[in-house]
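Here the protein sequences line up with chains A and B, keeping their order. Numbering follows full-length UniProt numbering, with no gaps: position 19 of the first sequence is 19. Numbering follows full-length UniProt numbering, with no gaps: position 100 of the second sequence is 100. All C-beta atoms in this analysis are idealised placements derived from N, C-alpha and C, irrespective of residue type, glycine included. None of these values were measured; they are calculated from a predicted model.
2 protein chains.
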Amino acid sequence: MEIRRVKNRSLNEEVKEALYRYIKSMDIQKNNKLPREEALAEMLGVSRITIRRSLTELSHEGVIFRKHGIGTFVNADALQIKITFNPAQEFEKLIRNSGYKAEVELVNIEIKLAGYNGSNKLQIDPEDEVVIVEKVFYADGNPAIYCIDRFPRKLIEGDISPNDIKLSIFEFLKAKAGKIVTRDIVEISTAMVTEDDKLAAYMNSVKPKAFLVFESVNFDQDNNPVFYDTEYYDTDLIRFSSCRQKDIY
Amino acid sequence: MEIRRVKNRSLNEEVKEALYRYIKSMDIQKNNKLPREEALAEMLGVSRITIRRSLTELSHEGVIFRKHGIGTFVNADALQIKITFNPAQEFEKLIRNSGYKAEVELVNIEIKLAGYNGSNKLQIDPEDEVVIVEKVFYADGNPAIYCIDRFPRKLIEGDISPNDIKLSIFEFLKAKAGKIVTRDIVEISTAMVTEDDKLAAYMNSVKPKAFLVFESVNFDQDNNPVFYDTEYYDTDLIRFSSCRQKDIY
DNA sequence: AAGTGGTCTAGACCACAAC
DNA sequence: TTGTGGTCTAGACCACTTG
């Protein structure tokens with residue numbers, strides 16, 4: 001096992017990657033126990049603290065678990081997870097990770113006043129303009145995700161071209177507004193298709209159907225809101241998984 | 001600010017608690033900037049490493065965020081969150097945290113063979129018996145959560161009393177089987193009430209309605225499966241929130 | 001007693017932001 | 001230049017599990 005030192009990447013990142021490679025090279029079914037921390041530190045030529053930091057992060061991601069006084073083990077179940085709830089990923093990546101071909105259709109762009117809701121969530125004036133973008137993402141040709149993004153008009157100088165905005169909203173706002181989204185606050189709920197719904201039209205749903213709904217406010221590094229969106233998932237196609245800690249003792 | 005040293009609790013826990021108290025005592029609207037790490041370390045009489053560990057955990061929980069070269073800040077939005085997706089909490093606590101009165105009704109207990117599904121999830125023999133417990137949790141008298149717990153019969157010696165099992169499954173399995181659940185792997189999907197459904201009956205749903213569904217396999221410290229369950233949430237009453245990192249650069 | 005993970009410290013130096 | 005967070009090290013000692 002060895003570290004590949006690359007400029008601008010922390011030792012910790014390199015160590016995590018090296019550990020990932022090591023884990024992938026293991027025959028998990030036979031033996032899922034890792035060498036002890038001191039041995040790993042020596043193998044990689046770093047301090048035990050650095051190994052521990054990497055292992056701690058991997059255990060938060062659910063990749064490994066530790067048993068005090070016994071050892072560190074690979075979590076075979078978690079390696080099966082395709083779509084993680086946290087960290088959040090781009091829609092097209094979600095769809096590809098689920099084993100489908102991903103396509104996107106831009107179904108609507110409009111500009112409205114922020115109003116009460118938008119002004120609250122984006123921390124702007126209610127009279128400020130907000131760009132509303134609606135997209136449908138397809139998995140192997142079937143509508144899988146319908147999403148409505150909303151961001152302040154003033155973020156973008158000049159015209160907004162449909163071609164640009166067909167990209168992911170993250171890439172668009174990074175390129176055109178220099179905003180980099182690092183985290184969100186998401187609320188989870190559900191919705192049903194009813195006859196006269198946009199949802200029904202876009203998601204091709206004939207009979208009543210339940211959708212998973214994420215309402216997410218997205219922030220940049222400075223903790224300023226950049227955009228907020230509503231995401232409708234067809235859970236027949238897209239399923240999130242997550243390793244959770246239990247707050248019960 | 002000071003630390004309250006309690007037996008069996010780590011310095012890190014005490015420091016986190018002290019920081020929580022400090023944050024709560026701040027007037028966030030006026031100033032959400034924390035003192036610098038060195039100052040916090042001195043105030044609490046611990047090393048900077050320990051402060052940093054606590055701050056790092058708080059930032060993963062979304063309570064604070066840090067700006068390199070500028071300072072550490074309290075995340076006012078995150079303090080509003082009532083129900084966190086991670087860590088997972090007990091149902092009655094969820095309901096109380098949402099501002100309702102919590103009640104639980106045990107609607108069914110039965111014993112069946114594990115079968116393919118149960119044997120896979122619980123890592124037992126398909127011929128082994130599994131206890132299936134169905135409960136409905138009410139928020140101010142309205143059905144809010146319907147859940148089906150399943151655990152190996154052999155975990156419990158002797159009879160299973162309905163009175164015992166009315167407790168949370170965590171408390172029950174801890175008391176009767178000595179199993180302590182520390183984490184789960186949860187998959188998120190949705191379901192609809194249809195006419196002839198148990199869901200419709202238990203959740204008092206007359207018209208078609210969408211439910212949030214968590215399918216969760218619960219593990220103990222040794223990473224052995226303890227029980228698995230299916231949870232149906234009425235998202236009109238119970239809404240999960242979460243701070244997520246974005247995996248987009 | 002031996003092996004392994006958990007906690008904590010002191011201290012050096014780097015990277016980023018603002019004046 | 002100063003202030004602040006980020007990374008990394010060496011090393012001491014504790015706590016849990018197994019033999």
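| Would you call the region 121-133 of chain A and the region 174-191 of chain A touching, i.e. three or more CB-CB distances under 8 Å? | no
| Nearest candidate by alpha-carbon position, reference residue 142(B), set 154(B), 102(B), 179(B) and 152(B) | 102(B)
| message | Looking at residue 169(B): is its Cβ nearer than 8 Å to the Cβ of residue 131(B)? | response | no
| According to DSSP, is residue 100(A) helix, strand or coil? | coil
| In this structure, does DSSP put residue 9(B) in helix, strand or coil? | coil
| said: So that I know if they touch, is there some Cβ in chain B lying closer than 8 Å to that of residue 209(A)? | reply: yes
| Ordered along the chain, which non-local residues of its own chain (more than five positions away) have a Cβ less than 7 Å from that of residue 12(B)? | 50, 53 and 54
| field | Contact with chain A by residue 187(B), beta-carbon distance below 8 Å | value | yes
| request: Measuring only between beta-carbons, confirm whether residue 120(B) sits less than 8 Å from chain A. | output: no
| Taking the alpha carbon of residue 15(A) as the point to measure from, which residue in 34(A), 192(A), 66(A) and 46(A) has its own alpha carbon closest? | 46(A)
| query | Touch check for the region 25-36 of chain B and the region 63-76 of chain B: three-plus C-beta pairs under 8 Å? | reply | yes
| request: Classify residue 49(A) as helix, strand or coil using the three-state DSSP reduction. | output: helix
| query | Under 8 Å, do residue 118(A) and residue 153(A) count as touching if we go by C-beta distance? | reply | no
| message | Is the beta carbon of residue 212(A) closer than 8 Å to that of residue 190(A)? | response | yes
| Spatially closest choice to residue 232(A) from 226(A), 223(A) and 193(A), by CA coordinates | 193(A)
| Nearest to residue 215(A) by alpha carbon, out of 226(B), 223(B) and 240(B)? | 240(B)
| Where residue 26(A) falls, given that 16 or more other Cβ within 10 Å makes a residue buried | exposed
| Opening and closing residue of the beta strand (DSSP E) in which residue 259(A) lies | Residue 259(A) is absent from the model: chain A starts at 1 and stops at 249.
| said: For residue 107(B), which residues in the same chain have their Cβ closer than 7 Å to its Cβ, ignoring the five residues on either side in sequence? | reply: 134, 135, 136 and 202
| query | What in chain B is Cβ-close to residue 191(A), meaning under 8 Å? | reply | 210
| In this structure, does DSSP put residue 178(B) in helix, strand or coil? | coil
| field | With 16 other Cβ atoms within 10 Å as the buried cut-off, status of residue 140(B) | value | exposed
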